[in-house]
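So the sequence lines, in the order shown, correspond to chains A and B.
Numbering of the first sequence is given in numbering that gives the first Met the number 0, commencing with residue 0 and proceeding in unit increments.
Numbering of the second sequence is given in numbering that gives the first Met the number 0, commencing with residue 0 and proceeding in unit increments.
All C-beta atoms, glycine included, are put in the ideal place defined by N, C-alpha and C.
Comments concern the structure below.
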Amino acid sequence: MNATELKKCLALLLFLLAALCGNLTAIGTDKASAADDSDNQLKLLNWSEYFDPEVLAEFQKRFGITVTETYYETDEMRNEILFSTNGTGYDLVLSNGSSIASYVKHGWLAPISGRDIANLQHVSRRWRTSFPDSEQYGVPFLWGTLGIAYRTDKTTKPVTGWMDLFRPEEAVQGKIIMIKYSRDLVGMALKALGYSINSTDSRELEEAKQLLLAQKPFVKTYSYVTLGENSSMVSGDAFMAMIYNGDAVVLQQRDQAIAFVQPREGCLLWCDFFVIPASSKNKKLAYKFLNFIHEPAIMAKLAQYASYATTNTAAEKLLPQDFRNDHNIYPPKAILEKSETYTDLPPRVAKKYNDIFNLVIQ
Amino acid sequence: MRLQSKIIFITTPVVVIFILAIGGISFSLLQEATVEKAVGNTRSFLNSTAGKLQVLYDTAAKDIELFANSNLLENYLLTTDEEVRYTLLQPTIIRLFSSYQKANPNYYEIRLLLPDGYEDTRVVLTDLPNITEEEGETEIFQAMQGADNDLFTRIYRNPDNGKISLLISRRMLLRDPNLNPVSSPKTLRGYLVVTIDLDFIDKKITEAVDEYGTTFLLADRAGTIFFHSAKEPALSPLPAKFLQQAIAHLQGDATFAVRDKAQTYLVLSRNVNDSLLLLARIPKNHLYAASRRLGLAVASTTICAIVIFSTLLFYLGKKFIVKPVIQLRNAATELGHGNLNITIDQSSDDEIGDLARSFMEMSNNLQQSHEQIRRLAYHDFLTGLPNRVMFLDFFKEVVANSQRHHRLCALMFIDLDNFKRINDTLGHNLGDDLLRQLARRLQEIIRKSDFISIAHGDDDPNMIARLGGDEFTVLLANIRDQNDAATVARRLLLALAEPFKLDSHEVFITISIGITVFPHDATSEEDLIKNADVAMYHAKEKGKNNFQYYSNSMNTEALERLTLEGELRRAVERNEFIVHYQPQVDARTREIVGLEALVRWHHPQKGMIPPNHFIPVAEESGLIVPIGSWVMKSAVRQIRDWLQQGVPVVPISINLSSPQFQSKEIYHIITSILNSTGVPRKYLKVELTESILLKAEEEAINMLHDIKKTGVEICLDDFGTGYSSLNYLKRFPIDVLKIDRSFVMNIMSDPKDAEICSAIIALAKCLNLSVVAEGVERHDQYEFLRDKGCDSIQGFYFYRPMPAGDIEKLLRAGKMAQPAEGGEG
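Right, dumping it as structure tokens:
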């Protein structure tokens, strides 16, 4: 079995996976591209419900390149998918900024030159350099925070800080959805306790672990809240969730009873980047795709679709006023000042995070 | 030991042995079954536990192999960069391990250790504290590091939670992907370590409970105990000897016994694998508890059985054996004490019943024998009448009663008249017969005379008894008047008017009766008997065939006689006797031809006492013997004197009394006197009465012949008065017959007497005997006798008895005898 055949096999596997997810559009495009040469298609590993499908259609229409999406639910799952294939099988991967350095260290990523993507000029430099190796290997996409979504009709008092989530009032106990990601879980617990989300202090970590374990009985599930009409937050199966700000906005649009708060202790400030695996044979097409999405109009469309703030300053100008004034999308300065981004942890501290995480979710 | 106890002691052991045998067999069977069951159960427990452990080992080995073959794990281990591993890859590995754990919750810790012992990844089910991440120095890590096999198993105590767990590890040997995938050597990248919870084994062993308190142990061959069932303290580590034995007994159903702290245990061992052993230690005393309980039950049953059986036996034995036996024993004791009126229950038809019947039979026989003995002791065997003993007893009683109730009673003494003669003439047999008939007749009379006595009670108040010989007594108890006794006496005398038939003879007899009455005559039995005796003698003296009441005069008479006997005795000592001689004359020539020596007693106060007064007393008292001897000597000396003085001497005849004759001394006396005096035999004659000859025995007869041979003549006195038998004349050496004076007396008035005299004289002539007639008093008598041929005459007609001096004169004168004047004869 040569390398090409292996790729075909993997493609088929991914197709089947996509079919299970029910993305008919992707199937349609996939079917068309499956018959075509691989030159005309891009495999994208991405969050679900994040990328405007119309944009993908527009891209295909304009360049004749089919983008096949594979979704992951959490950052951990993405790592696992990449790990299981040793970083191969995808042309583009949407990754959180803090993971880029380890991908790079593992040799999975190909560097991206600014020259290849002209529209990078629109992208804020602050975001491009916000994470180690992010400038050299990543193209910033959207950014946001992490907060608490809750149903105002189910809580008895306003939710203002992380402790309202970790030590929930009785009304919401057992109706809580927590994000199944080690850094989010341990980090926010640290933040709730008043520590840095990047703490390496084993004593602080131990406190965080105990906080998490204490919360565990009230947690309905460790995963991520869905955003569709059947979302458990809408249906009333869950009353409170750790959630990325944009997703909360989407849910608010579905149900006015759902509120979002960025805790007063501060929160996580994150940014997603597109990276290109070193193993990709369609790096040129990927560049085209990345250049395409950073066309200001396209980017504005994407930001609005996902309800997240964009890293593209030109696109920002195209956004409507109320979008730009939405504090849930654009957090107030006070919150931002207290918020942190994830930094690389020393390996054995990372291991500790893993241990805590595993202990909590199992 | 008593019969009761014996029965119980003999029978109870049979029952006890039976019960013990059943108990013993059950005991041993149960014990065997218990041991078999216990060993079987324990063995199957060990087998199932060992099986579970083996399955656990096998599964763990397979699982760890499966885990180790994961690509993810291999990739992870081949990633050398820590940062990449821990930030990027480890969550995946953790998720992988977690998924294993979800499938096998008892794999409570799955770890990845790096070759230096650093704990790279650790997935635990719960928040288990981690003692150290640096395992390099730990014993367990060094053991797996040094192990020969890649696969390493060990049961150990996990320091993280202190629990005994099974650790299974596998070396992760991987080829560097950058090198040649075939030829490059594998290098050690780490160890996959799974720690397996042994709770279920722990639980299975520690909670293993059986009814025997068995201790179960899981240990390794080094003796370390991992699990042991509750209570029993662990013997950790196991003693080497014990371990050795356990290893030696791994095969089959083998068991072995050990002793520990005074307890004996049965031990079973089971091999789990090369390192592990399962052991079970069954306390023998618990094992045997069930059978001991049975043993106890058997023992208590036995005791109960003994008690019940003994009680039953006691009761039944008492009822059916002991009680009858005791009854018999009491009856025997009663019998021994002389009570013959015993009745015992004979209804039982067993041996005891037989014994009771035999006993009753014996009692009856004894009663009969007793009756007989009593009759023999108290009755006269000849007549069947009460004897002297019984009479005396009865008499005593009657006297006492009479005294108490102030009654009268009479005692009669009866004696047959002339019974001796009847006995002599008819023989003893007929004499006895006569006594029997007499007794019957007397008895009849007494019985018919009940009216005489007032009866009190059933017993005949009167009694007739035979005291001996021809003596009878009649006791009339409780009479109204003393004349009643006379009435009875008269009837008795009258009853003898009829003759008795003895053989072919008809015999008439008479009796003499003496009567004494209580309390008039005497108050003591002795006196009454003596008085009756005296009265009876009186009746005899009154001519026999009559009765006499006792009177005091009779008593005086008897007293006189007693005095006489004393005086007579003294007279013998003092020689107060003298001899008179009565001459006998020749009937024809009237010459004196002989003299009869007659003894006379010259009493110093009373003067001459006639012979008929003292001779009977002398005969009864036996004094006649010395008197007779004295007379003999005097007479012989007189002859000698006369011969010396030249007096013409005639023979002298001397009377021999019956006692003298029977003493057998008489021959010697005669010969010695004759020899000492030198008197010729012809001058001495002896006279005997018929009654003497009648009683004479062979010896006496021989003696008589001896006397005759000396030349002394023998004269038969009183001939015709007794049972004169002609046979005497033939048998005895008689020389002279002397006709009794009773014949001579009536010779002239009674023709019969005359005829008898004639006949006697004629008989004597025929036999060539000389005849002497005595008591001749008148001339006509003399003439008759002379005419009839009588040889000699003695009597008053010629001479009275005279002192020796007068006789000497007569003999010297030598003249014819002349009839004496007015003599009695």
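Whether residue i touches residue j by CB criterion (8 Å)
i: A60 of chain B; j: I167 of chain B; result: yes
i: L495 of chain B; j: I510 of chain B; result: yes
i: L93 of chain A; j: F140 of chain A; result: yes
i: Q169 of chain A; j: L189 of chain A; result: Per the sequence presented here, residue 169 of chain A reads as Glu, with Gln not at that position. No, the Cβ-Cβ distance between E169 of chain A and L189 of chain A is not below 8 Å.
i: A531 of chain B; j: L410 of chain B; result: yes
i: A359 of chain A; j: K153 of chain A; result: The question names Ala, yet the displayed sequence has Val at residue 359 of chain A. Not a contact, by the Cβ cut-off of 8 Å.
i: V584 of chain B; j: S791 of chain B; result: yes
i: T73 of chain A; j: K179 of chain A; result: yes
i: L226 of chain A; j: S338 of chain A; result: no
i: S278 of chain A; j: G86 of chain A; result: yes
i: L433 of chain B; j: F499 of chain B; result: yes
i: P295 of chain A; j: A314 of chain A; result: yes
Secondary structure of residue i, DSSP reduced to three states
i: R465 of chain B; result: strand
i: S826 of chain B; result: Only positions 0 to 824 of chain B appear in the structure, and residue 826 of chain B is not among them; the question remains open.
i: A256 of chain B; result: strand
i: K364 of chain A; result: Any property of residue 364 of chain A remains undetermined from this structure, which presents chain A solely from 0 to 361.
i: S448 of chain B; result: coil
i: C765 of chain B; result: helix
i: Y580 of chain B; result: strand
i: A596 of chain B; result: strand
i: I623 of chain B; result: helix
i: A31 of chain A; result: In this prediction, A31 of chain A has a pLDDT of 40, which is less than 50 and means its spatial position is unreliable; nothing more can be read from the coordinates.
i: G513 of chain B; result: strand
i: F58 of chain A; result: helix
i: V34 of chain B; result: helix
i: L172 of chain B; result: strand
i: K751 of chain B; result: helix
i: Y89 of chain A; result: coil
i: L189 of chain A; result: helix
i: T151 of chain A; result: coil
i: K219 of chain A; result: strand
i: N22 of chain A; result: Note that N22 of chain A has pLDDT 42, beneath the 50 cutoff, so the model's placement of it is unreliable and the number below is only indicative. N22 of chain A falls in the coil class under three-state DSSP.
i: V388 of chain B; result: helix
i: G356 of chain A; result: Residue identity check: residue 356 of chain A is Phe in the sequence provided, not Gly. Three-state DSSP puts F356 of chain A in a helix.
i: R292 of chain B; result: helix
i: G542 of chain B; result: coil
i: G822 of chain B; result: Confidence is the limiting factor: at G822 of chain B the pLDDT is only 39, short of 50, which leaves the residue's position unreliable and the question unanswerable from this model.
i: E572 of chain B; result: helix
DSSP bridge partner residues for residue i (one or two, in chain order)
i: P139 of chain A; result: A:F272
i: I109 of chain B; result: B:V122, B:V193
i: Q262 of chain B; result: B:D259
i: H227 of chain B; result: B:L216
i: Q547 of chain B; result: B:G513
i: L475 of chain B; result: B:A409
* With contact counted as at least three CB pairs below 8 Å, one residue from each stretch, are the segment 302–320 of chain B and the segment 175–185 of chain B in contact? -> In this structure the segment 302–320 of chain B does not touch the segment 175–185 of chain B; the number of beta carbon pairs closer than 8 Å is below three.
* Residues of the segment 74–86 of chain B with Cβ closer than 9 Å to any Cβ of chain A, in chain order -> For chain A, the residues of the segment 74–86 of chain B that bring a beta carbon within less than 9 Å of one of its beta carbons are N74, Y75, T78, D80, E81, E82, V83, R84, Y85, T86, in chain order.
* Asked: Name the residues in the segment 125–157 of chain B whose C-beta lies less than 7 Å from a C-beta of chain A; which are they?
  -> Going along the segment 125–157 of chain B in chain order, one finds D126 with a Cβ nearer than 7 Å to chain A.
* Of the residues that make up the segment 148–168 of chain A, which ones have a beta carbon closer than 7 Å to any beta carbon in chain B? -> Correct list: empty, as no residue qualifies.
* **Residues of the segment 178–212 of chain B whose Cβ lies closer than 7 Å to any Cβ of chain A, in chain order** => Of all residues in the segment 178–212 of chain B, none has a Cβ within less than 7 Å of some Cβ in chain A.
* **Residues of the segment 103–123 of chain A whose Cβ lies closer than 7 Å to any Cβ of chain B, in chain order** => The segment 103–123 of chain A vs chain B, Cβ under 7 Å: K104, H105.
* Chain-ordered residues of the segment 105–117 of chain B with a beta carbon less than 8 Å from chain A -> If the cut-off is 8 Å between Cβ atoms, the segment 105–117 of chain B has nothing near chain A.
* To do: Spell out a yes or no on whether the segment 37–55 of chain A and the segment 78–92 of chain A are touching, meaning 3 or more CB-CB pairs, one atom from each, closer than 8 Å.
  => Segments in contact, yes.
* What are the residues of the segment 338–349 of chain A that lie near chain B, defined by any Cβ-Cβ distance shorter than 9 Å? -> Residues D343, L344, P345, P346, R347, V348, A349.
* Asked: Pairing CB atoms from the segment 157–171 of chain B with CB atoms from the segment 120–129 of chain B, are three or more of them under 8 Å?
  -> The segment 157–171 of chain B vs the segment 120–129 of chain B: in contact.
* To do: Please list the residues of the segment 71–82 of chain A that have a C-beta atom closer than 7 Å to any C-beta atom in chain B, keeping them in chain order.
  => Listed by position, the residues of the segment 71–82 of chain A near chain B (Cβ gap below 7 Å) are E75, N78, E79, F82.
* **Segment contact, 8 Å Cβ cut-off, at least three pairs: the segment 584–603 of chain B with the segment 797–812 of chain B** => Taking 8 Å as the limit for Cβ pairs, the verdict is that the segment 797–812 of chain B does touch the segment 584–603 of chain B.
* Three or more beta-carbon pairs under 8 Å between the segment 101–116 of chain B and the segment 94–111 of chain A, yes or no? -> At 8 Å Cβ cutoff, the stretches do not touch.
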